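Protein chains: 2
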Amino acid sequence: MPADRAPTRIQRKNRAAILEAALDVFSSHGFRGSTVDQIAKAAGLSKPNLLYYFPSKEAIFNELMAGLLDTWLDPLRALDPEGEPLDEILAYVQRKLQMSRDFPRESRLYANEIVQGAPRLHDVIAADLNVLVEEKAQLLQVWMDAGRINRAHPKHLLFSIWSLTQHYADFDAQVRTLMGDEDPFDAAPQYLETLYRRMLTPIS
Amino acid sequence: MPADRAPTRIQRKNRAAILEAALDVFSSHGFRGSTVDQIAKAAGLSKPNLLYYFPSKEAIFNELMAGLLDTWLDPLRALDPEGEPLDEILAYVQRKLQMSRDFPRESRLYANEIVQGAPRLHDVIAADLNVLVEEKAQLLQVWMDAGRINRAHPKHLLFSIWSLTQHYADFDAQVRTLMGDEDPFDAAPQYLETLYRRMLTPIS
DNA sequence: CGTGAGTTTGACCAGTTGGTCAAATCAAGG
DNA sequence: CCTTGATTTGACCAACTGGTCAAACTCACG
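Chains as they are written, first to last, in my numbering: chain X, 19 to 222; chain P, 19 to 222.
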């Protein structure tokens, strides 16, 4: 285990390689389905060498998750109370969709955990996420009360955005099989834009 | 292994108990994360006894999946070309939502597999599901061309319905945490009805 | 109540897995 | 070049896992 000092060049490189490899392996086999050996090999290290940098399989997972969750919620944090409501929401949808395209492994890693009841995530969800969701749901409610977007259950609206955008990452295997040659991400932005525009444009 | 004759009373009872237990265990830990012992205990049997009824862990899983997929696609099959397009689609959405409420474990089992790249499902998806989706996507296209519902990418429309409805089962842990006391299924039907009505009602 | 098929189990096995450890190797500053 | 701390590794361990097997038990039926 590296000492408490500033990390050496090698430490930085190897820890990064391990986390990258772990993302790959964990996101495609889940926590239980992944082995330390798999991760080590993917990172180009031997198993004991990997365990020299991280004390345990779970430590790798936790560090990965902690780093992930922060960036995962950034798009929602960026929802601006001062902006034009419909534009803000549509932009949020596109940002989220973009993340599914650019970081599908992160999305699947998160999905894997939640589907299995979030045994290693309950605390974080109950704390950080809950606060953020309450805040943004209230913002949506204010916009609706002011007649600037159509009425809809604010939390269900947020759920639907997560669901629709992450679907393209989480169910990638299914989506690609059914779309054949067509790239799902060609039509998805247009489809979601239309959906939420029709859904939310105020009917005077 | 029971002989090839008609199953005895005990065989029927135990095989059913095993499949029920397996659904529970597989859906909350995934295939790799589940152990035969867990399933056996949940079914009230010893491990060797369980393996007397099924030749292997994978055999249990396969039988479970085969039985599941059929009923899973029934709601889509029921989409009636002769019906009123908007009503048909809205009814499909509600049927699918109902399944998420009544059979969340089945939904999660399926989700678990797809998220991990569907290693044990590729064939089925490529065959049965693909045919059904092509057929129904074409039906949607006909309805759109006739101006009976708004235009939208037919396959993305189907994906969105799956995504939004299954979300309540697959991400149950997250949804319930964020909804607090409120039952997600109270407002979900209304929310989805509104969403698809606004989205699809033809703008003359 | 006896008997043969159907059912159950304890003991066991080989392969895998997370993790340890002492010894070997390497890298950088003096 | 040599020392010292950082890095790497082969050998190893205990726990777990999927699966086997022969022996024991139970049940329905004549």
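Just so it is clear, CB atoms sit at the ideal spot from N, CA and C, and this is done for glycine as well. It should be emphasised that the depicted structure is a prediction, and the values quoted were computed from it without experimental measurement.
Taking the Cβ atom as the reference point for each residue, do residue i and residue j lie within a distance shorter than 8 Å?
| i | j | result |
| --- | --- | --- |
| X/A84 | X/I57 | no |
| X/R301 | P/M217 | For residue 301 of chain X there is no data in the structure shown, the boundaries of chain X being 19 and 222. |
| X/I132 | P/Q192 | yes |
| P/F44 | P/L127 | yes |
| P/G135 | X/G48 | no |
| X/A206 | P/H174 | yes |
| P/D42 | P/A60 | yes |
| X/E211 | X/L97 | no |
| P/T183 | P/K114 | yes |
| P/I36 | P/L68 | yes |
| X/D190 | X/P122 | yes |
| P/L147 | P/L86 | no |
| X/G51 | P/R30 | no |
| X/A129 | X/D88 | no |
| P/G165 | P/P220 | yes |
| P/A77 | X/Y209 | no |
| X/S46 | P/S181 | no |
| X/P137 | X/L158 | no |
Following a CB-centred definition, is residue i positioned closer than 7 Å to any heavy atom of the ligand SAM?
| i | result |
| --- | --- |
| X/V133 | Inclusion of the ligand SAM in the displayed structure is not the case, the ligand content being empty and no account of it being possible. |
Put residue i into one of helix, strand or coil per three-state DSSP.
| i | result |
| --- | --- |
| X/L139 | coil |
| X/A164 | coil |
| P/S262 | With chain P covering only 19 through 222, there is no way to say anything about residue 262 of chain P. |
| P/F177 | helix |
| X/S125 | helix |
| P/S118 | helix |
| X/D98 | coil |
| P/L104 | helix |
| X/Q156 | helix |
| P/T183 | helix |
| P/L37 | helix |
| P/A109 | helix |
| X/R169 | coil |
| X/Q134 | coil |
| X/P66 | helix |
| P/I28 | helix |
Between which two residues does the alpha helix (DSSP H) carrying residue i extend?
| i | result |
| --- | --- |
| X/Q56 | V54 to A60 |
| P/D146 | Careful: P/D146 lies outside any alpha helix (DSSP H) and carries neither H nor E. |
| P/F79 | K75 to R95 |
| P/F72 | No alpha helix (DSSP H) contains P/F72, which DSSP labels as neither H nor E. |
| X/L213 | P202 to L218 |
| X/R194 | D190 to M197 |
How many whole angstroms separate the CB atoms of residue i and residue j, which I take to be in contact at a CB cut-off of 8 Å?
| i | j | result |
| --- | --- | --- |
| X/V151 | X/Y214 | Their Cβ separation, rounded to whole angstroms, is 18 Å, which puts X/V151 and X/Y214 out of contact at 8 Å. |
| P/P99 | P/I167 | In fact, because the Cβ distance is near 13 Å, the residues do not count as touching under 8 Å. |
| P/A144 | X/T195 | 6 Å |
| P/R33 | P/Y71 | 6 Å |
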